[in-house]
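As structure tokens, the structure follows; a few thoughts come after it.
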Amino acid sequence: AVVSTQSTGEDEEEDKSDNEEIKPVKVDAKCRYFLHTLPPILVIHLKRFALDNRGHLQKDRRHINYPLDLNLDRFVLTGGGNRYRLFGVVDHSGSLHRGHYIAYVRKRDVRLDENLRNRSAPISAQIKLLGQINAEAVQDPGSNAAKWYCCNDERISEVNVKKVLSADAYLLF
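In our numbering, the protein residues as written are -9 to 163.
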């Protein structure tokens, strides 16, 4: 609720006395935030700690659902095309003070590497290529671009997307 002042509706030109009170009135209100532009790569850091009833920090172990594709068009003033495709998840197992990190990564398309080697290519062309590769991965989930890998120290293994989406995510890329 937002506190607002209420007009009495009487003649506004009358002088108000110094001892007259303005009465606050509660009204229902919504606050909305919009973004002007978004970065080419979005990193989301999830808050995974909370204060317990004694005031000590504890790890928040609740599972957070997150999508493979994120459309932020409704939050951006500059129009459409504000879509992101998940390509990395960092998972932390253990306590707040110690533990182990595991990364899940989506296989990178070799066309990106070739495009980045060409230093004269404008960033807009690289971003356009990334969008094209992401669109292809959505249309063909069995393609190489849709394969996921678990990176656990020196062990790297292919995993299915359900394993990625069930991770206790700490960072999303």
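Beta carbons: idealized from backbone N, C-alpha and C, even for Gly.
Item, Value
"Contacts around Leu58, its chain only, beta-carbon distance under 6 Å, and the 5 residues preceding and following it disregarded", "Leu76"
"Identity of the residues DSSP links to Cys21 by a beta bridge", "The partner list for Cys21 (beta bridge, DSSP) is empty, contrary to what the question assumes."
"First and last residue of the uninterrupted alpha helix (DSSP H) at Leu67", "Where Leu67 is concerned, there is no enclosing alpha helix (DSSP H), given that its DSSP letter is neither H nor E."
"For Ile54, the nearest candidate out of Phe24, Pro29, Arg38, His90 (CA to CA)", "Arg38"
"Neighbourhood of Ile146 by C-beta distance below 8 Å, restricted to the same chain and skipping five residues each side", "Tyr139, Cys140"
"Between the CA atoms of Arg73 and Lys153 - distance to the nearest angstrom", "23 Å"
"Helix, strand or coil at Lys152 according to DSSP, with G and I counted as helix", "helix"
"Whether Ala157 touches Asp50 by CB criterion (8 Å)", "no"
"CB contact flag (Leu161, His35, <8 Å)", "yes"
"Cβ pair Gly78, Phe163 closer than 8 Å", "yes"
"Pairwise C-alpha distance: Ala19 and Val(-8)", "Any reading at Val(-8) needs caution, since the residue's pLDDT is 38, under 50, leaving its predicted position unreliable; the model's value is listed next. Roughly 6 Å between the two C-alpha positions."
"Sequence-distant residues of its chain with Cβ nearer than 8 Å to Gln48 (five each side left out)", "Phe39, Ala40, Leu41, Asp42, Leu86"
"Residue span of the beta strand (DSSP E) that contains Phe77, given as start and end", "Run containing Phe77: none; DSSP gives neither H nor E here."
"According to DSSP, residues forming a beta bridge with His35", "Leu161"
"C-alpha distance - Asn150 paired with Val15, whole-angstrom precision", "55 Å"
"Lys49: first and last residue of the uninterrupted beta strand (DSSP E) it sits in", "47 to 49"
"Close-in-space but distant-in-sequence residues of the same chain around Ala93 (CB under 6 Å, 5 per side omitted)", "Val80, Cys141"
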